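Have a look at the structure below before the remarks.
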Amino acid sequence: MHVKEHIELTREEIERLIKETEERLKELEKYGKRSEYIKELSNLAFLQLEVEQYTNSEKNLQVCLKHFKKQKDNLGKAAVYGILGILHFKSGAYQKSIDYYNMAHEIYKEFNQVQEQITCLKGIGINLIKLNQFDEACDNLLECSALCSDNNDIYNLLDCLGNLIYIHEKRENWDVVFELYKKTLKIFKELHDNRGSIVSYFNLGILKKRGSDFDRAIRYFKKGTNIAIDSNYTELILKGLGYVGEILVYRGKMNAAKEVYIKALSTAEKFKVKNSIIQIKILLKSLGLNEEEIEKELRNYRNLRIK
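In the working numbering, the protein residues as written are 328 to 634.
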């Protein structure tokens with residue numbers, strides 16, 4: 328089944344394409360509903376889906392499905408089932424979406440179409456999450472994760488792990504969440520994805536802070552912050568320094584916390600991050616510094632950096 332990409336188009340552009348496609352279909356219909364007609368009809372259905380014309384889209388997809396059944400084209404059927412899965416997910420009919428994804432998955436499994444199987448399993452998993460059927464969703468996403476791993480599909484594996492993390496966070500299974508974040512960190516490192524690595528380190532730190540394991544928490548926060556500094560990610564540098572400072576305050580190391588917050592303030596002022604400047608000054612004042620002392624500490628820090 329042929330489906331064009333319309334990701335970057337505005338709603339107005341899609342609606343214009345719908346009209347143009349409908350005109351082409353009128354012409355093609357004169358010669359019978361052959362493969363060219365079905366190809367255009369599938370494009371029309373997909374365009375209608377993009378602008379939430381769910382009833383019209385489903386009606387046209389059912390015509391395509393009837394054609395593929397008549398032609399005994401199983402992969403054509405599977406493609407339609409997959410799009411119907413998307414349609415019913417978008418319209419909130421989650422169980423119907425699961426049913427269609429399952430039908431598509433069975434065919435793709437028979438034909439050993441791995442990428443399509445992964446797409447279906449992910450779709451089923453997300454629908455199960457929407458239905459709060461977390462046990463079934465976990466089973467499904469673990470199956471999907473295994474398939475991704477076996478076929479070195481790293482980005483879909485990250486999607487599956489992200490959904491598993493969501494489920495276990497909802498259930499407050501923090502040990503499981505910790506192990507899943509370690510897996511995501513390993514993948515981000517392999518991909519040389521610094522931003523992903525930083526966020527993973529921060530999440531690991533947050534989990535350790537939750538369990539009052541401040542030594543390990545600060546190590547994770549520092550690792551993430553150091554990568555952020557090396558990568559010049561201002562927002563993540565400030566976030567990381569904030570996490571480190573917070574842990575130092577918890578541990579009663581007020582002078583060390585002050586030094587970290589001064590470093591953060593210097594970074595925020597350098598890049599003119601106004602909200603961060605305000606927040607960091609509030610934190611420094613909570614440590615007992617007044618405005619004049621903050622400015623003095625800031626000057627001293629900058630002078631040391633120049634030396």
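Where a beta carbon is used, it is the ideal one built from N, C-alpha and C, also for glycine. Computed from a predicted structure; not experimentally measured.
Query, Result
"Determine the extent of the alpha helix (DSSP H) in which Tyr482 is found, giving its start and end residues.", "Ile481 to Lys497"
"Would you call the segment 486-498 and the segment 521-529 in contact, with 3 or more CB pairs under 8 Å?", "no"
"Can you tell which of Lys585, Gln606 and Gly523 has its C-alpha closest to the C-alpha of Asn627?", "Lys585"
"Pairing CB atoms from the segment 477-484 with CB atoms from the segment 451-468, are three or more of them under 8 Å?", "no"
"Rounded to whole angstroms, what's the CA-CA distance from Leu616 to Ile425? Just pull it up for me.", "58 Å"
"Out of Lys599, Gly572, Ile605 and Leu448, which one is the CA nearest neighbour of Tyr427?", "Leu448"
"If you reduce the DSSP assignment to three classes, tell me which class Gly538 lands in.", "coil"
"Under 6 Å Cβ to Cβ from Ser558, same chain only, skipping five residues before and after it: list those, please.", "Asn521"
"Answer yes if the segment 388-396 comes into contact with the segment 353-370, meaning at least three C-beta pairs across the two stretches below 8 Å, and no otherwise.", "yes"
"Flag this pair as touching only if the segment 451-461 and the segment 403-423 have three or more C-beta atom pairs under 8 Å; answer yes or no.", "yes"
"Grab me the residues of Glu349's own chain with a C-beta within less than 7 Å of its C-beta, minus the 5 sequence neighbours each way, in chain order.", "Leu371"
"Got a sec? Which residues, its chain only, sit under 6 Å from Leu610 by beta carbon, not counting five neighbours each side?", "Tyr588"
"Out of curiosity, what's the CA-to-CA distance linking Glu385 and Glu340?", "21 Å"
"Can Thr552 and Phe598 be called in contact, C-beta distance under 7 Å?", "no"
"Grab me the residues of Ser603's own chain with a C-beta within less than 6 Å of its C-beta, minus the 5 sequence neighbours each way, in chain order.", "Leu565 and Ala595"
"Please specify which runs of the alpha helix (DSSP H), each continuous and at least 4 residues long, are wholly inside the segment 381-442, giving them in chain order.", "381-397, 401-417 and 421-437"
"Near Phe461, what residues of its chain come up, given a Cβ to Cβ distance below 6 Å and the 5 sequence neighbours on each side ignored?", "Ile494"
"Tell me whether Gln442 is buried or exposed, calling it buried when 16 or more other Cβ atoms sit within 10 Å of its Cβ.", "exposed"
"So the candidates are Gln440, Glu437, Leu414 and Asn439; which of them puts its Cα closest to the Cα of Gly450?", "Leu414"
"Is it right to say Ile434 is buried, meaning 16 or more other beta carbons lie within 10 angstroms of its own, or is it exposed?", "buried"
"From the DSSP output, in three-state form, read off Gly615 for me.", "coil"
"Can you find the residues in the same chain that come closer than 6 Å, C-beta to C-beta, to Lys331, ignoring five residues on each side of it along the sequence?", "The pLDDT assigned to Lys331 is 47, lower than 50, so where the model puts this residue is not dependable, and the model offers no usable value."
"If I'm right that Gln398 touches Asn387 with Cβ under 8 Å, what's the distance once you round it to whole angstroms?", "Contact flag wrong, Cβ pair sits at about 17 Å."
"Cα separation between Arg338 and Tyr381?", "15 Å"
"Which of the three DSSP states, helix, strand or coil, is assigned to Thr285?", "The chain is shown from 328 up to 634; residue 285 falls before or after that span and cannot be answered."
"Assign Gln460 to one of three DSSP states: helix, strand, or coil.", "coil"
"Let's see if you can read the secondary structure: which residues bound the alpha helix (DSSP H) around Val504?", "Trp501 to Glu517"
"Nearest by alpha-carbon distance to Ala473: which of Glu437, Ile445, Ile554 and Leu563 is it?", "Ile445"
"Around the Cβ of Ile574, are there at least 16 other Cβ atoms within 10 angstroms (buried) or fewer (exposed)?", "buried"
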